[in-house]
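Novice:
In this note's numbering, the protein residues as written are 32 to 127.
1. Is the beta carbon of residue 9 less than 7 Å from the beta carbon of residue 34?
2. Measure the CB-CB distance between residue 54 and residue 60 and report whether it falls below 7 Å.
3. Residue 5 by DSSP, collapsed to three states: which one?
4. Rank 36, 37, 32, 41 by C-alpha distance to the C-alpha of residue 96 and give the top, closest one.
5. Any idea if residue 73 is buried or exposed, counting beta-carbon neighbours within 10 angstroms, 16 or more meaning buried?
6. Is it the case that the Cβ atoms of residue 36 and residue 47 are separated by a distance below 7 Å?
7. Report, in whole angstroms, the separation of the C-beta atoms of residue 44 and residue 93, which I expect to be a contact under 8 Å.
8. With DSSP as the reference, label residue 120 as helix, strand or coil.
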């Protein structure tokens, strides 16, 4: 299962995405591909510098949010929520 942990206020972000969906064979898992595309596409749109860590099955974003980047982060979360609504057995989201 892909687990998303999200904590944000108007000035900071702490977002962790970890795990694998295992909804299909490696290389054919469309849920993992969707979450990865959402996360990486969002990271590419960020304007400010953040503490970002990326590894196999793991993405972490932490830092002070600019107003512009707040929109990007909320877009990432909204897109992940859309996947989670359709496939709750493969994606979970925890808001702190």
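Note that beta-carbon positions come from the ideal geometry of N, C-alpha and C, so glycine has one too.
Given the structure is predicted, the values throughout are model-derived calculations rather than measurements.
Specialist: According to the data block:
1. Because the chain spans 32 through 127 in this model, residue 9 falls outside it and cannot be assessed.
2. yes
3. The shown model of the chain, from 32 to 127, leaves out residue 5, and the question about it has no answer.
4. 41
5. buried
6. yes
7. 7 Å
8. coil
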